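Per mature numbering (1 follows the signal peptide of the UniProt record, and there is no 0), the sequence shown runs over residues -22 to -1, 1 to 202. Each residue gets a CB set at the ideal place from its N, CA and C atoms; glycine is no exception. Note that the coordinates shown come from a computational prediction; the quantities given were computed from them, not determined experimentally.
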Amino acid sequence: MHSAALVSCFLVILAIAQLGLAGPIARRSPSCYRGGKNVVFTQYWIPKEGQHDEDNDGNLVLLAGAATKSLKSGNKVIEKVSSTTYSKCQMEGTCSLKDGKLVNLGSNNDDFQILDRSVYPYGQGAWGDALRPFTTVAANDLPRGTTLFVKELKDLRLPNGKIHNGCVEVIDQGWSFNGCQLDFFVLEFAYYQKLNLPEKVSAKVQKCSIQNFSTHNEQLFMET
Ligand SMILES: *[C@@H]1O[C@H](CO)[C@@H](O)[C@H](O)[C@H]1NC(C)=O
């Protein structure tokens, strides 16, 4: 055999080996999650009954008024709330009611359940995990537990003073959007306003270390 033939034979084997390695990863993650700045980036939080928030068109609303809508668990009424509160609970998936109940979406976007705050202090994701401020995201086209490095979050100073390392984990899904989008959990509407994050980010599926960016501030927000 000529050495050129040997080399090309070796290259073919190498190419096949690489395909074999890259195959499963490539199939699991859509190409938007490979680091190009083409992942839609939105935020979600826990609306609080009685406080200001924004509606789905971005207008400021007060989560108060005539209690015309019933938050239900199956056929059972959890609480009657205003229509602004109801649609915020639906949109964000978790909401905090004036009487202290923490309510989370259940099997569809008109079904709610009351959460045990000692187990789920910041709400619950689609697969039953506890949400964590600034490190968990919702995505509809990535498996539970996928970690991603988001370039725009790296070294970002959070509203509570912590510095982000860029690493987030998929533990939730969203009914209001499709694929190639990450919905970043920021806990508070006020935090969302302060962060003022870009509409698209560079996000790459990779192993990274999930840190704890919670402080006493976030506990206080939930307790009051
Ligand atoms: C994260 O840090 C906060 C503040 O130090 C602490 O109260 C909380 O228990 C920590 N959470 C986890 C999941 O370790």
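- Under DSSP, R12 forms a beta bridge with K182.
- Annotation: the continuous beta strand (DSSP E) that includes S51 extends over K47 to S51.
- Considering only C10, G84, K26 and S192, the residue with the shortest C-alpha distance to F19 is C10.
- According to the DSSP assignment, L173 belongs to the alpha helix (DSSP H) that extends over F167 to L173.
- The straight-line gap separating the alpha-carbon atoms of N195 and P137 is approximately 10 Å.
- Exposure of T46 is indicated by the presence of fewer than 16 other C-beta atoms within 10 angstroms of its C-beta.
- Sequence-distant partners of G157 (beyond 5 residues in either direction) whose C-beta falls short of 7 Å from its own C-beta, in its chain, are P8, N118 and D119.
- Nearest to N34 by C-alpha distance, out of F191, F167, K178 and L131, is F167.
- Bounds of the alpha helix (DSSP H) holding L198 are H194 to E201.
- A straight line joining the alpha-carbon of E147 with that of L80 spans about 23 Å.
- When the five nearest sequence neighbours on each side are left out, the beta carbons in the same chain lying within less than 7 Å of the beta carbon of K185 are those of T125, in order along the chain.
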